[in-house]
Amino acid sequence: MSGYLQLAQSFDIDPDALMLAVDLDPADLATPDKWVPAVRVARLLELSARTSGHADFGLRLAEYRRLSTLGPLSLALRGESTLRDALSLLIRYEHTYNEAIRIRLVEAEGLASVRLWFEMGEPAPSAQAEELAVGALHGIVREVIGSRWQPLAACFTHGAPENADTHHRLFGGRVHFGHDFTGLVFYARDLGTPNRLAGAEPVSHHDGMLDSLAAPRGATTTDRVRDLVEVLLPTGRCGAEQVAHSLGMDRRTLHRHLAATGETFTSTVDLVRAGLAERYLSHQRYRLTEISDLLGFAAPSAFTRWFRRRFGDSPSKWRARRTELPSG
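Written as structure tokens, this is what we have:
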């Protein structure tokens, strides 16, 4: 929420009324470190953009963000040697600064892309939240390797606003809307750029700072199982036997590892499917039949039954409800 009050007031809109409309307490603005539900923040950003008449509200809010906004993690980032190391840390500890955000680094053909999306667990518009996240990520990279850095492209899955001047001012001329993913694209060689913050200030007790945070993503067998399930679901070969083999263990050992965290293989598959379903349904380019295939269902009817049990609504109605907002 850093900078929200200042930005709202600069547009002459009432931040208190807007926060109350999405069930947020305006007093939370006085406590920067207090966690608030991501889904309510997403609705607040969309409502603020609509009320102010500024479709770039989320992006403008990103300009108020600094590396220090990440709290203890910002100090740990100063101890990383390169941009790759800094991004890897940011990705591994994504849940420590936003419980709903998901970030992935993808490399291919000399290019790198940092892709992000939100898994909020309920229908909510996310375009403003995504623009805020991409803008904040852009600012972090520039703090790490220098303010002259620019991505090759900034990409957004949502459609283009009537005025994209702020986008071009921040990211340069290459801004793509209606894209396959939301995030930044740049040369892979940039990942090896030294972290200019490393050594700028003495960073002691680096490991101790990380120990104070929650366990990083990917650190447990359950995390590795989830990653494999995500990869294998579209292939139709996402069974416990296949996943166990890929992890170099037998099926019984796999079930024992999952049981130790209160999970089963079925519950893990359901959890991954839920996140992917939300991501795909948030993107209009995916038809329901395509989503059914990508989630590994034998037929769209099976996908619809599973989705209704999981989310309490049909996929089509859930998708339609994403645009609903309270009155400001």
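Per the UniProt record's numbering: the sequence shown = residues 1 to 328. C-beta atoms are modelled at their ideal positions from N, C-alpha and C, and glycine is treated no differently.
Boundaries around residue 38 are those of the alpha helix (DSSP H), 38-52, since no beta strand (DSSP E) includes it. Judged by beta-carbon spacing, residue 82 lies within the 8 Å limit of residue 192, meaning their Cβ atoms are closer than that value. The beta carbons of residue 87 and residue 135 sit no closer together than 8 Å. Counting C-beta atoms within 10 angstroms of its own C-beta, residue 147 has fewer than 16 neighbours from the protein chains shown and is therefore classed as exposed. For residue 103, the beta-bridge partners assigned by DSSP are 116. Here residue 194 carries a strand assignment [DSSP, helix/strand/coil]. Bounds of the beta strand (DSSP E) holding residue 176 are 175-177. In terms of Cβ geometry, residue 268 and residue 229 form a close pair [threshold 8 Å]. Between residue 97 and residue 71, the CB-CB gap stays under 8 Å. The shortest CA-to-CA distance from residue 153 to any of 187, 246, 52 is the one to 187. When DSSP states are grouped into helix, strand and coil, residue 3 belongs to the coil group.
For residue 154, the pairing in a beta bridge is given by DSSP as 175, 184. Setting aside the 5 residues that flank it on each side, residue 167 is surrounded in the same chain by 175, each with a C-beta closer than 6 Å to its C-beta; the list follows chain order. Contact between the segment 94-112 and the segment 290-310 is absent: fewer than three C-beta pairs spanning the two stretches fall below 8 Å.
In summary, residue 278 is buried, with 16 or more beta-carbon neighbours lying within 10 Å of its beta-carbon over all protein chains present.
Going by DSSP, residue 280 is part of the alpha helix (DSSP H) stretching over 265-281. Counted as a single uninterrupted DSSP element, the stretch harbouring residue 284 is not any alpha helix (DSSP H), since DSSP gives it neither H nor E. Residue pairing of residue 111 in beta bridges, as defined by DSSP: 108, 187.
If you check the CB distance, residue 226 and residue 271 come in under 8 Å.
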